[in-house]
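Worksheet: one structure, shown below.
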Amino acid sequence: MSSTPELTPAFLAEDRRPQARIGIAVVTALSALVVLVRVYARGFLIRSFGWDDGLICAALLLNIVVMALSLQVLRYGAGIHIWALTASEAPLLYQWLVAAQLVYMVALWTCRISGLAFYRRLNPMPQFQGYLRASFAFVTAVLVAQVLVIALQCIPLAALWGAAEGTCLGSQTVFISTAALTIVCDSIILLLPVKIVFSIRASPARKTALAVVLCFGILYVPAGLNGECVLIVSSAVMTSICRIIAMIPAIRDTDATWYFSVVMVWSDTEVSTAIIALSLPALKGLVGVAVRRGSSMAEGQSSGSHELHVQKQKGMPHSEEGPLYQGPDLYGSNARAGPGDGSSEEVLWGDGDGDEDEDGESGRIHVRNTVRVSVA
């Protein structure tokens, strides 16, 4: 507990709310942008919109609700000194704070379920599916526990804002217990695929790249020359830790409302970071599509014309050189077909006996050169 400062007009006029509003708006807008790109990539480019994509969209909607509730908490006094609050503002501040906490918990749970749905699509192995079911049960049980702690922190709840007499758990018990459970759940969800990543046969650099995509912003520390992972810390977990640090003065200092604004910013940042972390694999797919398209266009422009020779030996009469395709939907192409006379590089089809005829030919179709054909 700190001593009461000198309540000068300048001190009472201090206000953190403008900066908090900007921070909340920025992180929420960033998560919305990432989800929109994910929906475009999964729904229109890859055309494989799954349960994990739908759940992350639901998480974004809940994140927007968290933002709206956080702005209400700021409106009624979070970010100004507690001595500057009016008698009518204090009850509304705590009522909106409880609502924001409840929706915040549900938003994080939705993010976790989206992650589990993604992992389910990623790895259908029975053992891993068992891990996912156990994780789902655990995070759901944690959600129920967190909701009960918040809703029953005072009996009756109106005692929290002084509208009734009752018994309360205390802010320290409520904030620290719920935040600690949040860190445990985030760690489980974001680190589930690490065992898969580091069990595949690949170079340490490749494994690290995959882990970065799946765990978003990990800190990877190799142990010696074997490249084993010693420490992995997700930035989504880091935001939870930062939120706990921001809570400490809010639950220990008399001027709690002055620090509430920082806690609200970190709460919105935590949900937004979880959404972004779980959307990175889909964004990697978008980058892959763009790279493949760019590569195909570059190859088409630089390759020029190539002569494709197909050699049919034994049983197939040679035809005159002409276009490969003469159908109704004919596209311009420089590729030509004609009898070849050189050795082949790859056998595509044969009659199975492997015998050569009197001309020394084996009766198989061979490819002497391969070309990439793109139809735009």
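Residues in the sequence shown are numbered consecutively from 4, following this note's numbering. The beta carbon of each residue, even a glycine, is placed where N, CA and C say it ideally should be.
From the listed residues Leu-286, Gln-104 and Gly-165, the smallest Cα separation to Leu-74 is found for Gln-104. Listed in chain order, the non-local C-beta contacts of Trp-261 below 6 Å within the same chain comprise His-84, local neighbours out to five positions each way being set aside. In the DSSP annotation of this structure, the continuous segment of the alpha helix (DSSP H) that includes Leu-15 starts and ends at 12–15. Leu-58 has its alpha-carbon roughly 14 Å from the corresponding atom of Ser-275.
In the same chain as Ser-264, and ignoring 5 residues on each side of it, the C-beta atoms closer than 7 Å to its own belong to Arg-19, Arg-20, Ala-23, Leu-77, Ala-81 and Gly-82, in chain order. Within a 10 Å sphere around the beta-carbon of Thr-170 sit fewer than 16 other beta-carbons, which makes this residue exposed. Of the other Cβ atoms in all chains shown, 16 or more fall within 10 Å of the Cβ of Ala-182; this residue is therefore buried. According to DSSP, residue pairing for Ile-83 in a beta bridge involves Asp-18 and Ala-81. In the DSSP assignment, Thr-170 forms a beta bridge with Ile-158. With distances taken between CA atoms, Tyr-134 lies nearest to Leu-119 out of Val-147, Val-40 and Leu-119. Excluding residues up to 5 positions away in sequence, Leu-184 lie with their Cβ nearer than 8 Å to the Cβ of Ala-148 in the same chain. As the crow flies, the alpha-carbon of Glu-168 is around 20 Å from that of Leu-151. Within the same chain, Cβ atoms closer than 8 Å to the Cβ of Ile-153 are found at Val-101, Gln-104, Leu-105, Met-108, Val-177 and Thr-181, the five residues on either side in sequence being excluded.
Ile-116: member of the alpha helix (DSSP H) spanning 92–125, first to last residue. Thr-272 places its beta carbon less than 9 Å from that of Val-30. Look at Glu-9 here: in three-state DSSP terms it is coil, with no helix or strand label. When the alpha-carbon of Leu-125 is set against those of Ala-140, Trp-54 and Asn-66, the nearest one is in Trp-54. Assigned with DSSP and collapsed to three states, Pro-196 falls in coil, not helix or strand. Residues Val-106, Val-109, Ala-110 and Thr-113 of the same chain have their beta carbon placed closer than 7 Å to that of Leu-65, with the five preceding and five following residues left out of the count. Cβ-Cβ distances below 6 Å link Ile-192 to Arg-115 and Gly-118 in the same chain, with the five nearest sequence neighbours on each side left out; the list follows chain order. Secondary structure at Asp-189: helix, using DSSP grouped into helix, strand and coil. Sixteen is the threshold: when 16 or more other Cβ atoms of the shown chains lie within 10 Å of the Cβ of Phe-121, as they do, the residue is buried. In the three-state reduction of the DSSP assignment, Gly-133 falls in the helix class.
With a contact defined as Cβ atoms closer than 8 Å, Asp-56 and Val-42 qualify at about 7 Å. Counting other Cβ atoms within 10 Å of its Cβ, Ser-51 stays below 16 and is therefore classed as exposed. Taking a contact as a CB-CB distance under 8 Å, the pair Leu-95 and Tyr-79 counts as one, their CB atoms being some 4 Å apart. The criterion of a C-beta distance shorter than 9 Å is satisfied by Leu-15 and Ala-87. Restricting attention to Val-145, Met-267 and Ala-13, the CA atom closest to the CA of Ile-247 is found in Met-267. Each residue's CA atom was taken as its position, placing Glu-17 and Ala-253 some 17 Å apart. When DSSP states are grouped into helix, strand and coil, Leu-88 belongs to the coil group. Thr-7 counts as exposed, since fewer than 16 other C-beta atoms from the protein chains shown sit within 10 angstroms of its C-beta.
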